[in-house]
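Protein chains in written order, with this note's numbering: chain C, 6 to 120; chain R, 13 to 128. Everything on this sheet refers to the single structure shown next.
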């Protein structure tokens, strides 16, 4: 089944404790992206990647790192989480478009709480 | 930064009625997309419309795009209780606008409630 998977689905952690949220897709998509969703703010893009070893900042990259060493995986790293990073996180992937961003396939989400 | 803004923020209708949601954006785009989200779950893609298209249909969905007004509308006809969800528009940025055409910006969404 074609899908985007995220792990963990739920995570409660404490301030400053490094964590990684994994994202994997089995559709051979070149484009992958991370978003956070907060009440009243909609989805905001954190980082995106056009292909292996090619990443770029979205609108809210501060406090996050990403890497794209393999086409299928795009982990999100929080080196020193803070309470303002408490949010619902989504990973998504898509095929490359001739221009712009094509249909995004979303993972189920990771609900992160930083105490 | 460029952002799609949906209007209205919330919409409540009766089953069988049509629902119209609007999206406005600020700069030139390549593509505009509409997504649906059931409470707290992942987003599901509905329709993608390219900047050189004016209208697209998919089942009970009709999307229009007016690049001169920088706006789009999503029409759901003959709504059902199962259509209750949040609906988001998302835009990238044309290189002519000076933005990255691989950066995707979502609006804050319209919460649609369809009453049985």
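Where is the CB? At the ideal position from N, CA and C, for every residue including glycine. All values reported here derive from a predicted model rather than from experimental measurement.
- It is roughly 7 Å from the alpha-carbon of residue 55(C) to the alpha-carbon of residue 37(C).
- Shown in chain order are the members of the stretch 99 to 111 of chain C whose Cβ falls below 8 Å from a Cβ of chain R: 102, 104, 105, 106, 107, 108, 109, 110, 111.
- Contact annotation: residue 97(R) and residue 53(R) have beta-carbon atoms that are not nearer than 7 Å.
- Taking a cut-off of 8 Å on C-beta distances, the stretch 43 to 50 of chain C touches the stretch 116 to 127 of chain R, as three or more cross pairs fall below it.
- Of 58(C), 90(C), 27(C), the smallest CA-CA separation from residue 20(C) is found for 90(C).
- Scanning the stretch 18 to 98 of chain R from its first residue to its last, the whole beta strand (DSSP E) runs of 3-plus residues come out as 22 to 26, 31 to 36, 43 to 49, 55 to 62, 67 to 70, 73 to 78, 83 to 88.
- Residue 26(R) sits close to residue 127(R), with the two beta carbons spaced by under 7 Å.
- Cβ neighbours of residue 80(C) within its own chain (closer than 8 Å, five residues either side excluded): 25, 26, 27, 28, 71, 72.
- Here the alpha carbons of residue 29(R) and residue 108(C) stand approximately 28 Å from one another.
- For residue 50(C), at least one C-beta of chain R is nearer than 7 Å to its own C-beta.
- DSSP, read as helix, strand or coil, puts residue 88(C) in helix.
- In the DSSP assignment, the residues bridged to residue 17(C) are 118(C).
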